[in-house]
Structures are given as structure tokens and as C-alpha cells.
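Remember, the working numbering sits 53 above the position in the sequence shown when you count from 1. Here a beta-carbon is modelled for each residue, glycine too, at the ideal position from N, C-alpha and C.
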Amino acid sequence: MCTVTLIPTGTNDFVLTSNRDEAPNRTTLSPEFYRINNTRLLFPKDEVAGGSWIGVSEKQRVLCVLNGGFEMHKRKASYRLSRGVVMKDLLVAENLAKAIKNYKLDGVEPFTLVIVEWRSSMKFMELVWDGTKKHLSDLPLEPKLWSSSSLYDSEMKQERLQWFADFKNEKDLSSKSIMKFHKTAGLGNEDYGVIMDRFFVKTTSITQIIKLNNEVQMSFENLQTNNTSKQVFKFPIAIND
Numbered sequence: 054m055c056t057v058t059l060i061p062t063g064t065n066d067f068v069l070t071s072n073r074d075e076a077p078n079r080t081t082l083s084p085e086f087y088r089i090n091n092t093r094l095l096f097p098k099d100e101v102a103g104g105s106w107i108g109v110s111e112k113q114r115v116l117c118v119l120n121g122g123f124e125m126h127k128r129k130a131s132y133r134l135s136r137g138v139v140m141k142d143l144l145v146a147e148n149l150a151k152a153i154k155n156y157k158l159d160g161v162e163p164f165t166l167v168i169v170e171w172r173s174s175m176k177f178m179e180l181v182w183d184g185t186k187k188h189l190s191d192l193p194l195e196p197k198l199w200s201s202s203s204l205y206d207s208e209m210k211q212e213r214l215q216w217f218a219d220f221k222n223e224k225d226l227s228s229k230s231i232m233k234f235h236k237t238a239g240l241g242n243e244d245y246g247v248i249m250d251r252f253f254v255k256t257t258s259i260t261q262i263i264k265l266n267n268e269v270q271m272s273f274e275n276l277q278t279n280n281t282s283k284q285v286f287k288f289p290i291a292i293n294d
């Protein structure tokens with residue numbers, strides 16, 4: 054899992070969209086508000102593991118997990134901790150950079166974490182855990198696409214990046230247009246289209262997070278049941294001294 058795009062829509066606003074590729078019999082609960090470590094969070098929940106792959110925190114932070122690091126890896130029989138738990142721990146962290154530095158990731162399967170923070174000014178970041186070392190980097194505030202290394206090899210990734218580049222050249226990027234990309238790019242290519250179906254794993258849902266001023270809207274479309282839902286996370290209005 055999965056395919057993620059992130060686009061800035063202003064100096065402090067953005068749209069993050071995630072297609073989740075998962076076993077079709079794995080049930081996901083629609084996004085709800087939860088309180089963990091006295092911190093309000095909004096995320097869809099994996100009914101089996103209880104974790105999540107995408108979430109919003111009252112710490113003015115959005116995180117989204119993709120399986121795999123820089124390249125495809127050989128899975129171990131078991132892991133100490135799920136990536137969904139790691140994500141929830143980082144959503145509630147007071148200081149994210151410090152929390153990442155101190156977090157013990159030994160025994161956690163490789164992953165890529167897309168990060169947006171906007172407490173003082175908006176920042177895009179990426180954390181890659183390759184199974185041995187953490188790689189945390191700041192990203193330019195420009196449109197970007199990620200494809201999960203556990204499902205897509207380098208050639209597939211490159212073709213998907215070309216689809217994204219072509220789409221950017223043809224369309225003005227917005228929440229509406231990028232949703233169209235997430236539903237139609239590579240249409241008919243069931244192996245690595247943005248909506249894919251390999252029988253044992255397929256695109257099961259699309260989650261879109263839209264930040265505009267002091268509101269973050271999370272929309273969720275379950276492609277298994279065709280149910281849709283929407284939640285709005287309201288943040289205090291920032292007052293500049």
C-alpha cells in the first residue's frame with residue numbers, strides 16, 4: 054500500500070490524497086475522532102490491527118504511511134511493531150523531529166512516512182526507514198507523488214511519475230482534479246494503475262485530506278462498499294503577534 058500525492062495550494066494549505074492498496078478482505082473503519090495521550094486525532098482505522106496509515110493530529114500535523122523504504126524488501130515472518138502504531142505514536146509527539154530521532158524502529162518493517170506540519174509555517178517532510186537506518190529529509194513545497202516500494206518496482210514507479218507529470222502539465226492541480234488522477238491514471242492497467250487489482254491485493258479506499266485556513270477536511274471513499282464519509286477537524290485561528 055499505497056499511492057500518495059501531496060500538493061501545496063497556498064502558503065499554508067495543501068491537499069494530500071492516498072489510495073490504499075490492501076487485501077480486499079481486510080476491513081477498514083471510516084475516519085473518526087480519537088483521543089490518544091490527551092491528543093485529539095482523526096483517522097480511518099484498520100479493524101484487524103487497530104492502527105492506521107493516515108491521520109490528522111491537533112498538533113497541526115498530518116502523517117501518511119506507505120509500505121516499503123527506497124526499494125522492495127524481503128518480508129520477515131514477523132515484526133516487533135506495526136507501522137500503524139509507529140504512525141499513531143508520531144501523531145501525538147510534542148516535538149516530531151526529536152520523537153523520530155529517539156524512536157526505536159528496530160523490528161519494524163521498512164516504510165516511508167509523508168509528513169506535513171504547519172504549526173509555525175508549512176513544512177513538507179519525508180521519513181524513510183530502510184530497515185537499518187532512518188532517513189529524514191525536508192521537501193520543497195511542490196507537488197509530489199509516492200508509490201509503495203513493496204508493490205511497485207522502479208520501472209512501474211517511473212511510469213507512474215510520468216503519468217503525474219503529464220497530468221500536471223494538462224490540468225490545474227486542485228482537490229477535485231487530483232482526485233480524478235487518483236481514480237483514472239493508468240486506467241485499465243490492473244497491475245500498476247493508480248487504482249489497481251491483483252486479486253490478492255487491490256485499491257480498497259481513497260482518503261483525501263484538504264487543509265484550508267483553520268480547517269482540515271478528511272474525505273474517505275470505501276471502494277469495497279461504495280460508502281463515502283467526511284469529517285472536519287477545526288483548529289484555532291492563528292493570531293500573529
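So the beta strand (DSSP E) residue i belongs to, where does it begin and stop?
{"i": "Met-232", "result": "Run containing Met-232: none in the beta strand (DSSP E); it sits in the alpha helix (DSSP H), 228-237."}
{"i": "Lys-187", "result": "187-192"}
{"i": "Lys-197", "result": "197-200"}
{"i": "Phe-164", "result": "164-170"}
{"i": "Ile-262", "result": "255-265"}
{"i": "Leu-48", "result": "There is no way to answer for residue 48, as the model of the chain reaches only from 54 to 294."}
{"i": "Val-57", "result": "56-61"}
{"i": "Lys-176", "result": "176-182"}
Under the DSSP definition of a beta bridge, which residues are partnered with residue i?
{"i": "Ile-290", "result": "In DSSP, Ile-290 forms no bridge with anything."}
{"i": "Tyr-7", "result": "Only positions 54 to 294 of the chain appear in this structure, which leaves residue 7 out of reach."}
{"i": "Gly-108", "result": "Leu-116"}
{"i": "Asn-280", "result": "Asn-275"}
{"i": "Val-26", "result": "No statement about residue 26 is possible, as the shown extent of the chain runs from 54 to 294 and does not include it."}
{"i": "Asp-250", "result": "Lys-255"}
{"i": "Val-161", "result": "Leu-134"}
{"i": "Asp-99", "result": "Thr-81"}
Nearest CA to the CA of residue i: which residue from the options?
{"i": "Gln-215", "options": "Met-232, Ser-200, Glu-268, Ala-130", "result": "Ser-200"}
{"i": "Thr-256", "options": "Lys-236, Pro-163, Phe-164", "result": "Lys-236"}
{"i": "Thr-81", "options": "Glu-170, Asp-66, Ala-102, Asn-91", "result": "Ala-102"}
{"i": "Asn-65", "options": "Arg-114, Thr-92, Pro-84", "result": "Arg-114"}
{"i": "Lys-233", "options": "Thr-70, Lys-264, Ala-130", "result": "Thr-70"}
{"i": "Phe-144", "options": "Gly-241, Leu-166, Leu-198", "result": "The question names Phe, but residue 144 is Leu in the sequence shown. Here the closest residue by C-alpha is Leu-166."}
{"i": "Leu-59", "options": "Glu-85, Glu-212, Leu-116, Arg-251", "result": "Leu-116"}
{"i": "Ser-207", "options": "Ser-230, Lys-224, Tyr-245", "result": "Tyr-245"}
{"i": "Leu-158", "options": "Asn-222, Ser-228, Lys-186, Ser-227", "result": "Lys-186"}
{"i": "Asp-225", "options": "Ser-272, Pro-196, Asn-90", "result": "Pro-196"}
{"i": "Asn-78", "options": "Lys-264, Phe-252, Gly-63", "result": "Phe-252"}
{"i": "Ser-190", "options": "Leu-149, Gln-284, Tyr-87", "result": "Leu-149"}
{"i": "Ile-89", "options": "Ala-146, Arg-128, Glu-124, Ala-130", "result": "Ala-146"}
{"i": "Trp-171", "options": "Lys-129, Lys-154, Lys-112, Leu-204", "result": "Lys-112"}
{"i": "Val-139", "options": "Lys-129, Asn-155, Lys-221, Lys-229", "result": "Asn-155"}
{"i": "Ser-173", "options": "Asn-267, Val-68, Gln-284, Ala-76", "result": "Asn-267"}
{"i": "Asn-91", "options": "Glu-124, Ala-130, Lys-141", "result": "Lys-141"}
Residues in its own chain within less than 6 Å of residue i by CB, not counting five upstream and five downstream?
{"i": "Phe-286", "result": "Leu-95, Val-109, Val-269"}
{"i": "Ile-259", "result": "Asn-72, His-235, Glu-274"}
{"i": "Gln-277", "result": "Thr-257"}
{"i": "Asn-280", "result": "none"}
{"i": "His-188", "result": "Val-181"}
{"i": "Gly-63", "result": "none"}
Can you give me the Cβ contacts of residue i inside the same chain, cut-off strictly under 7 Å, excluding the 5 residues immediately before and after it?
{"i": "Asn-293", "result": "Confidence at Asn-293 is low in this model, with a pLDDT of 48, below 50, so the placement of that residue should be treated as unreliable; the coordinate-derived value is given next. Excluding residues within five positions, none has a Cβ falling inside 7 Å."}
{"i": "Asn-184", "result": "Sequence inspection shows Gly at residue 184; the Asn mentioned does not correspond to that position. Once the five neighbours on either side are set aside, the close Cβ partners of Gly-184 are Gly-122, His-126, Pro-163."}
{"i": "Leu-194", "result": "Pro-61, Met-175, Phe-177"}
{"i": "Met-249", "result": "Asp-74, Glu-243, Lys-255, Thr-256"}
{"i": "Ser-282", "result": "Ser-83, Pro-84, Phe-273"}
Quick one: give me the first and last residue of the alpha helix (DSSP H) that residue i is part of.
{"i": "Lys-224", "result": "No alpha helix (DSSP H) holds Lys-224; DSSP gives it neither H nor E."}
{"i": "Met-140", "result": "136-144"}
{"i": "Asn-155", "result": "149-155"}
Taking 8 Å as the limit between beta carbons, can you name the residues of its chain near residue i, skipping five residues before and five after?
{"i": "Gly-137", "result": "Asp-99, Ala-102, Gly-103, Gly-104, Ser-105, Trp-106, Val-118"}
{"i": "Val-247", "result": "Thr-56, Asn-72, Arg-213, Trp-216, Phe-234, His-235, Lys-236, Thr-237, Ala-238, Gly-239, Thr-256"}
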